[in-house]
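A.B. asks: For reference, the structure I am asking about is given below.
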Amino acid sequence: MLPRRWPTDTTTPSGRRFARVAALLLVLVLLIVAVVVVSSAATTARRPS
Numbered sequence: 006m007l008p009r010r011w012p013t014d015t016t017t018p019s020g021r022r023f024a025r026v027a028a029l030l031l032v033l034v035l036l037i038v039a040v041v042v043v044s045s046a047a048t049t050a051r052r053p054s
């Protein structure tokens, strides 16, 4: 089980801030992954196979 001090409760301001930060980090990671995938696909398509 998670410890009681783990900020997963979204009813508290700290939990809400933690959820917002987690969502922002998730969006950043998805953007980075999308950029890497698009750039790698572009380089492999440009390279003669």
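Sequential numbering from 6 applies to the sequence shown in my numbering. Beta carbons are placed, not taken as given, at the ideal position from N, Cα and C, and that holds for glycine. Keep in mind the model is a prediction, meaning the values are calculated, not measured.
#1: Given this structure, state the Cα-to-Cα distance separating A24 from T17, to the nearest angstrom.
#2: Shorter than 7 Å, the distance from the beta carbon of T49 to the closest heavy atom of the ligand FMN, or not?
#3: If you draw a straight line from the C-alpha of G20 to the C-alpha of L30, how long is it?
C.D. replies: According to the structure shown:
#1: 11 Å
#2: As for the ligand FMN, it is missing from this structure, which has no ligand bound.
#3: 15 Å
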